[in-house]
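Participant:
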Amino acid sequence: MTQDVEMKDHQTPSHSVASALPSTLQHLKDIASLIESGAHTKEVRRIGRAVRLTMGLRHKLTAPVLSAFLDFAFAPGSETYKQLSAYLPKDDEHAMEVDSAPSAKQAPTKHSSPELEIFCYLLVLLFLIDLKKYNEAKACSSASIARLKSINRRTLDVLSSRLYFYYSYSYELTGDLAEIRGNLLALHRIATLRHDELGQETLLNLLLRNYLHYNLYDQAEKLRSKAPRFEAHSNQQFCRYLFYLGKIRTIQLEYTDAKESLLQAARKAPIAAQGFRIQCNKWAVLVRLLLGEIPERTIFVRRGMEKALRPYFELTNAVRIGDLELFKTVADKFSSSFNTDGTHNLIVRLRHNVIRTGLRNISISYSRISLTDVAKKLRLDTANPVADAESIVAKAIRDGAVDATLDHENGWMVSKETGDIYSTNEPQIAFNSRIAFCLNMHNEAVRALRYPPNTQEDKETAEKRRERQQQEQELAKHIAEEDDDDF
Amino acid sequence: MDPKLTEVSQLFERFKAALVRNDFDTCANLLSQLKVLLTGFRSLPPLFEDTPNAIHELTLARDIYEHAVILSVKTEDQDAFERDFFQLKPYYTDASGRLPQSPQEYIILGLNLLRLLVQNRIAEFHTELELLSSTALENPCIKHAVELEQSFMEGAYNRVLSARQTAPHESFVYFMDLLAKTVRDEIGGCSEKAYDYLSISDARQMLLFSSDKELADYIKEDHPEWEIKDGCVFFQKAKETAPCKEIPSLQLINQTLSYARELERIV
Chain A
1 MTQDVEMKDH QTPSHSVASA LPSTLQHLKD IASLIESGAH TKEVRRIGRA
51 VRLTMGLRHK LTAPVLSAFL DFAFAPGSET YKQLSAYLPK DDEHAMEVDS
101 APSAKQAPTK HSSPELEIFC YLLVLLFLID LKKYNEAKAC SSASIARLKS
151 INRRTLDVLS SRLYFYYSYS YELTGDLAEI RGNLLALHRI ATLRHDELGQ
201 ETLLNLLLRN YLHYNLYDQA EKLRSKAPRF EAHSNQQFCR YLFYLGKIRT
251 IQLEYTDAKE SLLQAARKAP IAAQGFRIQC NKWAVLVRLL LGEIPERTIF
301 VRRGMEKALR PYFELTNAVR IGDLELFKTV ADKFSSSFNT DGTHNLIVRL
351 RHNVIRTGLR NISISYSRIS LTDVAKKLRL DTANPVADAE SIVAKAIRDG
401 AVDATLDHEN GWMVSKETGD IYSTNEPQIA FNSRIAFCLN MHNEAVRALR
451 YPPNTQEDKE TAEKRRERQQ QEQELAKHIA EEDDDDF
Chain B
1 MDPKLTEVSQ LFERFKAALV RNDFDTCANL LSQLKVLLTG FRSLPPLFED
51 TPNAIHELTL ARDIYEHAVI LSVKTEDQDA FERDFFQLKP YYTDASGRLP
101 QSPQEYIILG LNLLRLLVQN RIAEFHTELE LLSSTALENP CIKHAVELEQ
151 SFMEGAYNRV LSARQTAPHE SFVYFMDLLA KTVRDEIGGC SEKAYDYLSI
201 SDARQMLLFS SDKELADYIK EDHPEWEIKD GCVFFQKAKE TAPCKEIPSL
251 QLINQTLSYA RELERIV
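Going down the list, the protein sequences come from chains A and B.
According to full-length UniProt numbering, the residues represented by the first sequence are 1 to 487, in order.
According to full-length UniProt numbering, the residues represented by the second sequence are 1 to 267, in order.
#1: Assign Asp341 of chain A to one of three DSSP states: helix, strand, or coil.
#2: What first and last residue would you give for the alpha helix (DSSP H) that runs through Ser133 of chain B?
#3: In the DSSP output, which residue or residues are listed as bridge partners for Asp407 of chain A?
#4: For Cys27 of chain B, which residues in chain A fall below 8 Å Cβ to Cβ?
#5: Going by DSSP, what residues sit across from Ser141 of chain A in a beta bridge?
#6: I need the DSSP call for Glu296 of chain A, collapsed to helix, strand or coil.
#7: Is the distance from the Cβ of Phe175 of chain B to the Cβ of Leu131 of chain B below 8 Å?
#8: Drop a sphere of 10 angstroms on the beta-carbon of Ala104 of chain A, count the other beta-carbons inside from all chains shown, and report buried for 16 or more, exposed for fewer.
#9: Of all the options A:Leu57, A:Leu123, A:Gly56 and A:Leu326, which has the alpha carbon lying nearest to the alpha carbon of Ser85 of chain A?
#10: Give the residues of chain B in contact with Asp218 of chain A, contact being defined as C-beta atoms less than 7 Å apart.
#11: If I follow the unbroken alpha helix (DSSP H) through Ser32 of chain B, where does it start and stop?
#12: Between the segment 40 to 67 of chain B and chain A, which residues of the former have CB atoms less than 7 Å from a CB of the latter, in chain order?
#13: Per DSSP, which one or two residues make a beta bridge with Ser370 of chain A?
#14: On the DSSP bridge list, what partners appear for Ile228 of chain B?
#15: Mind checking whether Tyr217 of chain A and Ala178 of chain A have CB atoms under 8 Å apart?
#16: When you compare the CB of Asp373 of chain A with every CB in chain B, is at least one pair closer than 8 Å?
#17: Give the range of the beta strand (DSSP E) segment to which Tyr197 of chain B is assigned.
#18: Whole alpha helix (DSSP H) runs in the segment 240 to 314 of chain A with 4 or more residues, listed along the chain?
#19: Output, in chain order, the set of chain A residues within a Cβ distance shorter than 7 Å of Tyr157 of chain B.
#20: Report yes or no: do three or more beta-carbon pairs, one from the segment 125 to 133 of chain A and one from the segment 150 to 170 of chain A, lie closer than 8 Å?
#21: Between the segment 417 to 435 of chain A and the segment 217 to 235 of chain B, are three or more C-beta pairs nearer than 8 Å?
#22: So, helix, strand or coil for Glu76 of chain B, using DSSP?
#23: Roughly how many angstroms lie between the CA atoms of Ile108 of chain B and Ser161 of chain A, to the nearest whole one?
#24: Going along chain A in order, which residues have a C-beta closer than 7 Å to the C-beta of Ser191 of chain B?
#25: Measure the beta-carbon distance from Leu289 of chain A to Asn345 of chain A and round it to whole angstroms, keeping in mind my assumption that it falls under 8 Å.
#26: Should Val20 of chain B be labelled buried (16 or more other beta-carbon atoms within 10 Å of its own) or exposed?
#27: Give the secondary structure of Ala227 of chain A by DSSP, where H, G and I count as helix, E and B as strand, and everything else as coil.
#28: Please say whether Ile55 of chain B and Leu116 of chain B have beta carbons closer to each other than 8 Å?
#29: Excluding the 5 residues flanking Glu115 of chain A on each side, which residues of the same chain have their C-beta closer than 8 Å to its C-beta?
#30: Hey, does Ile397 of chain A have any beta-carbon neighbour from chain B nearer than 8 Å?
#31: Do you know whose CA, among A:Ile251, A:Leu88 and A:Thr329, lies nearest Pro311 of chain A's CA?
#32: Among residues of its own chain, excluding the 5 on either side of Phe152 of chain B, which ones have a beta-carbon nearer than 6 Å to its beta-carbon?
#33: Is Ser261 of chain A closer than 8 Å to Leu242 of chain A when the C-beta atoms are compared?
#34: Would you say His408 of chain A reaches chain B, if we count a Cβ-Cβ gap shorter than 8 Å as a contact?
#35: I want to see whether chain A comes within less than 8 Å of residue 268 of chain B, judged by CB atoms only; does it?
#36: Per the contact definition of three or more C-beta pairs closer than 8 Å, is the segment 209 to 226 of chain B in contact with the segment 249 to 261 of chain B?
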């Protein structure tokens, strides 16, 4: 998303003198030629760039500009042209005439490529969503999806994945997500058959979003675990996937994996995606609390997130102290915001962690304490607090939350001496995992570098190339041998 | 009225009568006939076709499956419960917009939650829980199951056991009895980690046995590593032995070599 903003900034200054309307139209035409050339040379990345440029122009789109562009792109009589221009509001007759006049001359020579046609659909759809004409947007996106199904071209993948997204988005805005579930599944199937990996990625995310919107975690997990996975093509889609994965795993009590996915999603998300990062952080905080960890204060005081994370901050505080009363007050106080976040059930689960933390604090401060006092300190207000305290402590001991033994006859909890952690393998393991993380990060960064095609290489003579290839081969052999040497 | 529908309704009436009499063989027999007949209706899931009698058929089918679930509880057949519940579920989720809510719905959902708890399928328990609205969570049947799960996770087993008296519906009792067995295993597992030893009478009380003999049998059967000596149960044997102090040399060499290789690649 950051890229979009930057792109826009680069573009505008040079044209700021000219009036907004023609310049936007000119940009669109540039983008169209970019798409055409991308489609012609089968350079998918050019189309990707075109889409990014379009997002920069998004807020400058107006009905006259769009209709002028449609005139430019299509032969006037074509089916798609009629269909698309029907969606545009006709209030600005005057401006339209002015613009369509020059382009009409070009029209006869035009024969639009499918890429350009789909691109026009995308433009109109964006425009309708921005105007909040959601019902028209729904109709337009459905029409575009129907058209997409009949074209099978890899150069379309980037455009179609955007269209899928806005298709689902327009239905979500009107609250009819359940309606398109079958359609999305069919599209996912088609994308899989066509080896359209970007499309698969996008559609899988949309389906997960669709299921999670209705809290259908079971179906979401079944789909996710069975859908084909491959290396991510788009960072944004990968972030979303990680977020959904984290949510599913949280619900299914796989907290360790959930934490990993959620933190990774928050880390990988672009800076501009503030809302997404807030959501990720909310869930990550809860998962870490459920794991018995206390998130650092810095998470809550970051600029822009402070207000949104406030309820979670107070919650963390209650868990940290291990005070059941405070926990209850906080849960009640912010219950409406927890309900909107859909985290209410997780908060209910947390109660048991509050008790655990309280118990751990007691076990650290006392070497021996009677169960009556434990019950009092934990504020267990039940019929038989001592018996409850005893079994709660017993379970905490079994789960490894506290290191103690119980003396039933005397009704005591006796804490064990905390052993010297440096006499165990623990530090070595922690050290290793950190080193592994850093090395992995470096390797991934190297792998993510992209090199522009080297123009000088083309001029290389045949002889030189052979020499270089030989060198490379030797090097590869060398590396392979080295690998064999290790164990 | 549609003759097929009349036939099903009549059969269903006989089924209900048999269920009241607790005549389970007849019930099972009639139920399989009913299920076969239901496949003939095109308005039921998964087709959901909009036939003129759709509402009537859906209501009747839902009623039949609800009774099937109740029957499976009475016959104490958990597999049948799971099957029937999954057949019933689409009527609650996908047909909820077209049918008025069933008075049985919360009881059945609560029973299902309890079943998942008894079978210790906590992940599925929470997945089901997410599907419930906040009004559903307020319902006594659902609330009962949710509170049980909480006490269970905390380790407040006394509360789990005493909840048997407050069961909101008669059919809950069967699962509560099953839950007692799960609770005993849990207490056993916790005790062996938490106590060094327990006197036999305390152990008997804690593990909910009425006689010492039952306790001895249980220990022999499920926990042969416990030792009975001087009127006490010793758990010492079950505890882990002290961690060995050996240096994991091979692992260390491996790791160091891999660091060296990675660093070489970077520099």
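Don't be surprised by glycine CBs; every beta carbon is placed ideally from N, CA and C.
Facilitator: Working from what's here:
#1: helix
#2: Careful: Ser133 of chain B lies outside any alpha helix (DSSP H) and carries neither H nor E.
#3: A:Trp412
#4: Those do not exist, as Cys27 of chain B stays about 30 Å from chain A at its closest Cβ, beyond 8 Å.
#5: Ser141 of chain A pairs with nothing; no bridge assigned.
#6: coil
#7: no
#8: With a pLDDT of 39 at Ala104 of chain A, under the threshold of 50, the predicted position of this residue should be treated as unreliable, and no value is reported.
#9: A:Leu123
#10: Thr127
#11: Phe24 to Leu38
#12: none
#13: A:Trp412
#14: B:Val233
#15: no
#16: no
#17: Tyr197 to Ser199
#18: 255 to 268, 274 to 290 and 298 to 301
#19: Ser391
#20: yes
#21: no
#22: coil
#23: 42 Å
#24: Ala394
#25: With a Cβ gap of about 14 Å, Leu289 of chain A and Asn345 of chain A do not count as contacting.
#26: exposed
#27: coil
#28: no
#29: Ile35, Glu36, Gly38, Ala39, Ile47, Arg153, Thr155, Leu156 and Leu159
#30: yes
#31: A:Thr329
#32: Val160
#33: yes
#34: yes
#35: Only positions 1 to 267 of chain B appear in this structure, which leaves residue 268 of chain B out of reach.
#36: no
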